[in-house]
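Trainee: Here it is: the structure, laid out below.
Residue numbers (this note's numbering), protein chains in the order written: chain A, -11 to 255; chain B, -11 to 255; chain C, -11 to 255.
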């Protein structure tokens, strides 16, 4: 697969045109930014978590994004209802296993979600992806802190075992589907000083998967757009506060020329 | 009724002087922005939802704002306690039926809230207002997507049936009380790309209703201030991220001259 | 104790170097900003509230921050588990009794938390600190509104009774430990028009306490850094919206020269 700016921009235009409803069950910390990033990319965000309305809400959505950043029992029940309804309806599901490995509860919940209904796309940092597989991998809070090689081996394993695309994000984002791999080297170190940009990346995967049959291609597109908007934002930002703001501005205005000028991808 | 910049500014000054406590039971996505918008307009926001403290909190408030954006059973119970206590205490209540029509649960909850205690002000977009009345009206997530004429007929019906002011917001905001109608044509298209500015509008209705006996006048004032601050913000914003930030700056500094220069209202 | 820019900057560098995990059980309104402020100061924020993972999460943290801004029963149970586990593990605990005095439930909860496990640092505005002690002190929502002298007497009393540092924040921040007192006169009036900067101050106390044995010194450092970053931000902000953004930028870049140029402290 050759990754081109033209195809990424076409996908972005498809999101802007279709404005797909993306249903998010996500954590309290990032809800506002996630909704704003989905609006900025051209999608229609919905945030809802009540068990009573899960099936109805999934039924009007074109993609579902599950993020376990701030868990509790009733939310986990809603997540399970939502992923099953998404499978029944045939819409893509993105799982972001935030902080897996930090606590037993988080690890058990993420694995239960994977087993109940494998996602179309699993996106996490290296330590989260490793902790999903291996109890000996330790997560330091929600930060990335693990060796890439082992993370890639585990990503390949999980991709095959669960028939899903696995994205290991970091300075380089690896998108893995079985033996296939793509690398996106966009982004900026200051992005790690803004809370929840990983969660935003997962939400963008949902938006792109809503308009593209291949979950692999959708993830590549989402991670490239994410990284390029972040790089553009970093050129005007005075620090992490203004980066968060500029990121939304840049995402909203992103042009084919922006993508062509900055894209660093290996297919 | 003639709508003048002078009267709107006097109302704004009254909010700034009184700094009324506005109690919000609102959704997780917008809490931070809603609190900041209330501070920027000069009010004192309180966000609280525990059943155990609902009556106490309503008792220190000058207005109550109920927003059903992210529902759950215990929050609905608290909303019911709060609207009843507000009625007992005689403070104005604003209801924002976010996403009504998207799910049966949302529609039932909004109707139950209306029936338990009709609000002073009901504010939603056209599709939400229609879905409150009519099960055949469909909401696409939380976006506006309906014909204005039918929405206005339903607004008039709801206003009479529930003895409340109904605001149908959109490119033009319609404020309806029985046969009375006012139109505010301020605002900017980019505002629709920022999550929760509708929720902010509802919160501002609460702030203005706290210092003004006529719910109709309070709603006109709030929607004009909202739209004008948004227009001013759009002149300096590079996109939806910076619009959200500038909106608060402009709201905080809004002058009579700003209002006089931009007000587009029909009484 | 002589408070010097050099020592404050050394403490800031220690936070940046150690990047301590700070576990927050805080309110929905401020979660995003609190996490971003902790990242900007160099710490590693974790937000989690499920009872099932409280002990595990506290076990990977170097400080715990409890903030009662938006309460509910299950969160209070988690707070109690967390403060007990923090005591067992010997990590510092910061308590921010947001809105105490506004409702009976809030006052009872804050006192129950104090009694279950006295915090290392108690930080609130004057009315909150007084309401913790005295049922006749009234809080107007979550704003500060009380006479400083009485607040300081109560701060001294609480400091002795609970063996903790008490910070009474306001235009002047008072840091009290028994008969010891320090005053920080940094900050800017516009900071009061941004929601949750008090909550941010409490979180920074947690970050500094994670790298400094003396809770008194840690609180002095945190409040000075907070106020100075706020002053710097106010010099470039056009209002409360941009202040919130610039505050994070300034906190991220804060230099020894910035601190030396602005510090207004009495040891």
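Cβ coordinates follow ideal geometry from the N, Cα and C atoms, glycine included.
What are the boundary residues of the alpha helix (DSSP H) that includes residue 193/B?
Mentor: First-last of the alpha helix (DSSP H) with residue 193/B: 185 to 197.
Trainee: What do you get for residue 116/A, buried or exposed, if any count of 16 or more other CB atoms within 10 angstroms of its CB means buried?
Mentor: Per the 10 Å Cβ criterion, buried.
Trainee: Quick one, which residues of the segment 23 to 42 of chain A are near chain B if we go by CB-CB under 8 Å, in chain order?
Mentor: Answer in chain order: 23, 24, 27, 28, 32, 33, 34, 35, 36, 37, 38, 40, 41.
Trainee: Three or more C-beta pairs closer than 8 Å, one from the segment 213 to 224 of chain B and one from the segment 40 to 52 of chain B: is that the case here?
Mentor: Touching, no.
Trainee: Using DSSP with H/G/I as helix, E/B as strand and the rest coil, what is residue 16/C?
Mentor: Residue state, collapsed to three classes: coil.
Trainee: Which word fits residue 92/B, buried or exposed, when buried means at least 16 other C-beta atoms lie within 10 angstroms of its C-beta?
Mentor: Exposed, by the Cβ-count rule.
Trainee: What ranges does the alpha helix (DSSP H) occupy inside the segment 212 to 241 of chain B, keeping only unbroken runs of at least 4 residues that lie completely in it?
Mentor: Qualifying alpha helix (DSSP H) stretches, in chain order: 228 to 241.
Trainee: On the three-state DSSP scale, how would you describe residue 91/B?
Mentor: Three-state result, residue 91/B: strand.
Trainee: Less than 8 Å between the C-beta atoms of residue 190/A and residue 34/A, yes or no?
Mentor: No, Cβ-Cβ distance for residue 190/A and residue 34/A is not below 8 Å.
Trainee: Who are the near neighbours of residue 204/B in its chain, counting only those whose CB is closer than 7 Å to its CB and skipping five residues on each side?
Mentor: Cβ neighbours of residue 204/B beyond the five flanking positions: 153, 163, 165, 168.
Trainee: Can you name, in chain order, every residue of its own chain whose Cβ lies under 6 Å from the Cβ of residue 221/A, other than the five neighbours on each side?
Mentor: Cβ neighbours of residue 221/A beyond the five flanking positions: 231, 234, 235, 238.
Trainee: Could you spell out the range, first to last residue, of the beta strand (DSSP E) harbouring residue 113/B?
Mentor: Per DSSP, residue 113/B belongs to the beta strand (DSSP E) from 109 to 113.
Trainee: Distance, Cα to Cα, residue 157/A vs residue 181/A?
Mentor: Straight-line Cα distance between these residues: approximately 15 Å.
Trainee: Going by C-alpha distance, which of 110/A, 192/A, 63/A, 105/A is nearest residue 143/A?
Mentor: When each option's Cα is compared against that of residue 143/A, the closest is 110/A.
Trainee: Report yes if the C-beta of residue 222/A is less than 7 Å from at least one heavy atom of the ligand SAH; otherwise report no.
Mentor: Here there are no bound small molecules, and the ligand SAH is not part of this structure.
Trainee: On a Cα-Cα basis, can you pick out the residue from 26/C, 108/C, 70/C, 18/C that is closest to residue 37/C?
Mentor: Checking every option, the nearest Cα to that of residue 37/C belongs to 70/C.
Trainee: Quick one: give me the first and last residue of the alpha helix (DSSP H) that residue 159/C is part of.
Mentor: No alpha helix (DSSP H) holds residue 159/C; DSSP gives it neither H nor E.
Trainee: Any Cβ of chain A within less than 8 Å of the Cβ of residue 59/B?
Mentor: Closer than 8 Å: yes.
Trainee: Quick one: using the 10 Å Cβ neighbour count with 16 as the cut-off for buried, is residue 223/C buried or exposed?
Mentor: By the neighbour-count rule (16 or more Cβ atoms within 10 Å), residue 223/C is not buried but exposed.
Trainee: Return no unless some Cβ of chain C is closer than 8 Å to the Cβ of residue 67/B.
Mentor: For residue 67/B, the answer is no, since every Cβ of chain C falls outside 8 Å of its Cβ.
Trainee: Taking only the alpha-carbon atoms, compute the straight-line gap between residue 249/B and residue 87/A and give it to the nearest angstrom.
Mentor: Straight-line Cα distance between these residues: approximately 51 Å.
Trainee: Once DSSP output is grouped into helix, strand and coil, what is the label at residue 32/B?
Mentor: In the structure shown, residue 32/B sits in a strand (DSSP, three-state: E or B).
Trainee: Please check the pair residue 22/A and residue 188/A, which I expect to be a contact at CB under 8 Å, by giving their CB distance rounded to whole angstroms.
Mentor: Correct: roughly 6 Å between the Cβ atoms.
Trainee: What does residue 240/B touch in chain C if you count any residue whose Cβ is under 7 Å from its own?
Mentor: 181, 227, 228, listed in chain order.
Trainee: Counting only Cβ pairs nearer than 9 Å, list the residues of chain A close to residue 44/C.
Mentor: Here the neighbours are 90, 91, 92, 93, 94.
Trainee: What residues match up with residue 11/A in a beta bridge as DSSP calls it?
Mentor: The partner list for residue 11/A (beta bridge, DSSP) reads 34/A, 52/A.
Trainee: Name, going along the chain, the residues of the segment -2 to 24 of chain A whose beta-carbon falls closer than 9 Å to a beta-carbon of chain C.
Mentor: Within the segment -2 to 24 of chain A, the residues whose Cβ lies closer than 9 Å to some Cβ of chain C are 15, 16, 17, 18, 19, 20, 21, listed in chain order.
Trainee: Would you list the residues sitting across from residue 83/B in a DSSP beta bridge?
Mentor: Bridge partners of residue 83/B: 54/B, 110/B.
Trainee: Using 8 Å as the threshold, is the C-beta distance between residue -7/B and residue 56/B below it?
Mentor: No. Outside cutoff.
Trainee: Taking all protein chains shown into account, do 16 or more other C-beta atoms lie within 10 angstroms of the C-beta of residue 11/C, making it buried, or fewer, making it exposed?
Mentor: With 16 or more Cβ atoms within 10 Å of its Cβ, residue 11/C is classed as buried.
Trainee: Can you tell me whether DSSP reads residue 77/C as helix, strand or coil?
Mentor: Correct three-state label for residue 77/C: helix.
Trainee: From this set, 0/A, 106/A, 172/A, 120/A, which residue's C-alpha is nearest residue 192/A's C-alpha?
Mentor: Ranking 0/A, 106/A, 172/A, 120/A by Cα distance to residue 192/A puts 0/A first.
Trainee: So is residue 233/C in contact with chain B if we call contact Cβ pairs under 8 Å?
Mentor: For residue 233/C, the answer is yes, since a Cβ of chain B falls inside 8 Å of its Cβ.
Trainee: Would a C-beta distance cut-off of 8 Å place residue 27/A and residue 195/A closer than the cut-off?
Mentor: In this structure, residue 195/A does not lie closer than 8 Å to residue 27/A by Cβ.
Trainee: Under the rule that 16 or more other beta-carbon atoms within 10 Å means buried, what is residue 61/C, buried or exposed?
Mentor: Residue 61/C is exposed by the Cβ-count criterion.
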